[in-house]
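Residues in the sequence shown are numbered consecutively from 24, following our numbering.
The C-beta atom is built at its ideal place from N, Cα and C for all residues, glycine as well.
A short worksheet on the structure shown next.
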Amino acid sequence: MSFVENNLANFCFLIKAEAVKRFSSDAGQIIENLVFQNERARETLRDSAPVHDWLAVAVEGFGRKNLNPAKNLFAVGDAGAFIDPFTGSGMLMALESAEILARIIGESSAAEQIAERYAVEHAQKFQRRLFVCSILRRAAFSPMFAGLFINALSFGRLPRKMLAQATRPTFSG
Ligand SMILES: Cc1cc2nc3c(=O)[nH]c(=O)nc-3n(C[C@H](O)[C@H](O)[C@H](O)COP(=O)(O)OP(=O)(O)OC[C@H]3O[C@@H](n4cnc5c(N)ncnc54)[C@H](O)[C@@H]3O)c2cc1C
Numbered sequence: 024m025s026f027v028e029n030n031l032a033n034f035c036f037l038i039k040a041e042a043v044k045r046f047s048s049d050a051g052q053i054i055e056n057l058v059f060q061n062e063r064a065r066e067t068l069r070d071s072a073p074v075h076d077w078l079a080v081a082v083e084g085f086g087r088k089n090l091n092p093a094k095n096l097f098a099v100g101d102a103g104a105f106i107d108p109f110t111g112s113g114m115l116m117a118l119e120s121a122e123i124l125a126r127i128i129g130e131s132s133a134a135e136q137i138a139e140r141y142a143v144e145h146a147q148k149f150q151r152r153l154f155v156c157s158i159l160r161r162a163a164f165s166p167m168f169a170g171l172f173i174n175a176l177s178f179g180r181l182p183r184k185m186l187a188q189a190t191r192p193t194f195s196g
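Written as C-alpha cells, this is what we have:
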C-alpha cells in the first residue's frame, strides 16, 4: 500500500485466478474473505473505503521471456521480463531495457547482431535481480522462511538497503 495524495492510498495485491473465480470476480468479497485473513491487512484497511473501481491485470508469469520472438521483433519492459511487483521496479526495468535496445539498434544494423547483443546485455543488467526475486517469491510461500525474512528486515536499515540494491541496482540511497 502506498499513499499518493489527499489522504488517498494505492492498494495492490496479487491473487491466484482460481480464487478470483471462486468469489465471482467480486473485489469486495475477495477483500473481506481473503485479504482480511491477514490480520495486518485487516488492521491497516479497517477504516478504508474504495474511491475508484478496482483495476485488474493478468500476470502470465515471472522472470525473463523470449526477447526476440521473431526476426526484427524485440521485447522490452514486461514483454521481455516481468519482475515481481513487490520490488516496485517494473517501470524502471521497462525504461532500462528500452534504453539498452535503443542503444544497440543505434550501433548495429543486422537483426541477428542486435538480438545477440540485446540478449547478453539484458542478462547482464537484469539476471541477478530477477534471480533474487525468484528466491524471495519462493520464500514468501513458506511461512517459516517468510517469518525469518521479515524479522531479518526489521533489524535496521542495512538489510533493507541491501534488499533494495539487490532488486534495483541503480538504487544508491
Ligand atoms: C499489481 C502490479 C503492481 C505493480 N506495481 C508497480 C510499482 O509499484 N512500481 C513499478 O515500477 N512497477 C510496478 N508494476 C509493474 C509495472 O506496471 C510494469 O512493469 C510496467 O508498466 C511495464 O511497462 P511496459 O511498457 O513494459 O508494459 P505495460 O505498461 O503493460 O504497457 C503495455 C501496453 O501495451 C498495450 N498492448 C498490449 N497488447 C497490445 C496490442 N496487441 N496492440 C496494442 N497495444 C497493446 C497494453 O494495453 C498496455 O497499455 C506493477 C505491476 C503489477 C501487475
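Cα-Cα separation, residue i to residue j
{"i": "Ala81", "j": "Asn91", "result": "22 Å"}
{"i": "Ile137", "j": "Leu96", "result": "10 Å"}
{"i": "Gln52", "j": "Ala32", "result": "20 Å"}
{"i": "Arg45", "j": "Glu62", "result": "22 Å"}
{"i": "Ala133", "j": "Pro108", "result": "34 Å"}
{"i": "Ala42", "j": "Met24", "result": "21 Å"}
{"i": "Asn30", "j": "Ala72", "result": "12 Å"}
{"i": "Ser131", "j": "Ala93", "result": "18 Å"}
{"i": "Ala50", "j": "Lys39", "result": "13 Å"}
{"i": "Arg180", "j": "Gln188", "result": "12 Å"}
{"i": "Gln60", "j": "Thr110", "result": "23 Å"}
{"i": "Glu139", "j": "Glu28", "result": "44 Å"}
{"i": "Ile54", "j": "Gln147", "result": "39 Å"}
Own chain residues within Cβ distance below 8 Å of residue i, not counting five before or after
{"i": "Arg102", "result": "According to the sequence shown, residue 102 is Ala rather than Arg. Closer than 8 Å at the Cβ level, and outside the excluded window around Ala102, lie Lys88."}
{"i": "Asn56", "result": "Phe46"}
{"i": "Val74", "result": "Leu31"}
{"i": "Leu37", "result": "Val82 and Pro108"}
Pair within 8 Å by beta-carbon distance, residue i and residue j
{"i": "Arg191", "j": "Ser112", "result": "yes"}
{"i": "Ala175", "j": "Pro166", "result": "no"}
{"i": "Cys35", "j": "Ile106", "result": "no"}
{"i": "Ala162", "j": "Phe178", "result": "no"}
{"i": "Glu104", "j": "Gly86", "result": "Position check: residue 104 holds Ala in this sequence, whereas Glu was assumed. Cβ atoms of Ala104 and Gly86: closer than 8 Å."}
Neighbourhood of residue i by C-beta distance below 7 Å, restricted to the same chain and skipping five residues each side
{"i": "Ala64", "result": "Val58"}
{"i": "Phe26", "result": "Ala32"}
{"i": "Ala121", "result": "Val99 and Gly100"}
Cβ-Cβ separation, residue j to residue i (assumed contact under 8 Å), whole Å
{"i": "Tyr141", "j": "Leu124", "result": "6 Å"}
{"i": "Met3", "j": "Gly100", "result": "Residue 3 cannot be examined here, being either before or after the span of the chain that is shown, 24 to 196."}
Bounding residues of the alpha helix (DSSP H) (the contiguous stretch that carries residue i)
{"i": "Phe168", "result": "Pro166 to Leu176"}
{"i": "Ala146", "result": "Ala134 to Ala163"}
{"i": "Lys88", "result": "First-last for Lys88: undefined, no H or E at that position."}
{"i": "Asn56", "result": "Ala50 to Asn56"}
{"i": "Met116", "result": "Gly113 to Glu130"}
{"i": "Gln60", "result": "Where Gln60 is concerned, there is no enclosing alpha helix (DSSP H), given that its DSSP letter is neither H nor E."}
{"i": "Arg180", "result": "Arg180 to Thr190"}
{"i": "Glu41", "result": "Ala40 to Arg45"}
Close beta carbons around residue i, own chain, < 6 Å, minus the five adjacent residues each side
{"i": "Phe168", "result": "Ala162"}
{"i": "Glu144", "result": "Ile123"}
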